[in-house]
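Numbering (full-length UniProt numbering), first residue to last: 1 to 77.
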């Protein structure tokens, strides 16, 4: 899964319009980033990429780019 597809999957997960996220957003600025979104992110990464995201590392994520890095997806420049 490339960066664009992963960002689109995050848009859908957070109920945002497709193409909303660019990777630079602060998680706390996203209205839908809550405990349910955290669980959904973990499930998304597992389902789409077959990876397990450690809760401790996810708790340290501050931006969408941090989420991309946790998922092993290239962070946009």
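We put the CB at the ideal spot given by N, CA and C, even for glycine. Since we're looking at a predicted model, the values are computed, not measured.
On the CB-based measure, 16 or more other CB atoms within 10 Å of its CB, does residue 14 come out buried or exposed? Residue mapping note: residue 14 aligns to position 14 of the chain shown, counting from 1. Under this definition residue 14 is a buried residue.
Less than 8 angstroms separating the beta-carbons of residue 74 and residue 67? Numbered from its first residue, the chain shown carries residue 74 at position 74. Numbered from its first residue, the chain shown carries residue 67 at position 67. No; because the gap between Cβ atoms is not below 8 angstroms, this pair is not in contact.
Give a yes or no on whether the C-beta atoms belonging to residue 45 and residue 53 are separated by under 8 angstroms. Taking the chain shown and counting its residues from 1, the one referred to as residue 45 is at position 45. Taking the chain shown and counting its residues from 1, the one referred to as residue 53 is at position 53. Their beta carbons are under 8 angstroms apart, which means residue 45 touches residue 53 by this criterion.
My understanding is that residue 58 touches residue 70, with C-beta atoms under 8 angstroms, so please give their C-beta distance in whole angstroms. Residue mapping note: residue 58 aligns to position 58 of the chain shown, counting from 1. Residue mapping note: residue 70 aligns to position 70 of the chain shown, counting from 1. With a Cβ gap of about 6 angstroms, residue 58 and residue 70 count as contacting.
Cβ distance (whole Å) where residue 51 is taken to contact residue 23 below 8 angstroms: As a working mapping, residue 51 is identified with position 51 in the chain shown. As a working mapping, residue 23 is identified with position 23 in the chain shown. Not quite, the Cβ-Cβ distance comes to about 18 angstroms (not below 8 angstroms), so this is no contact.
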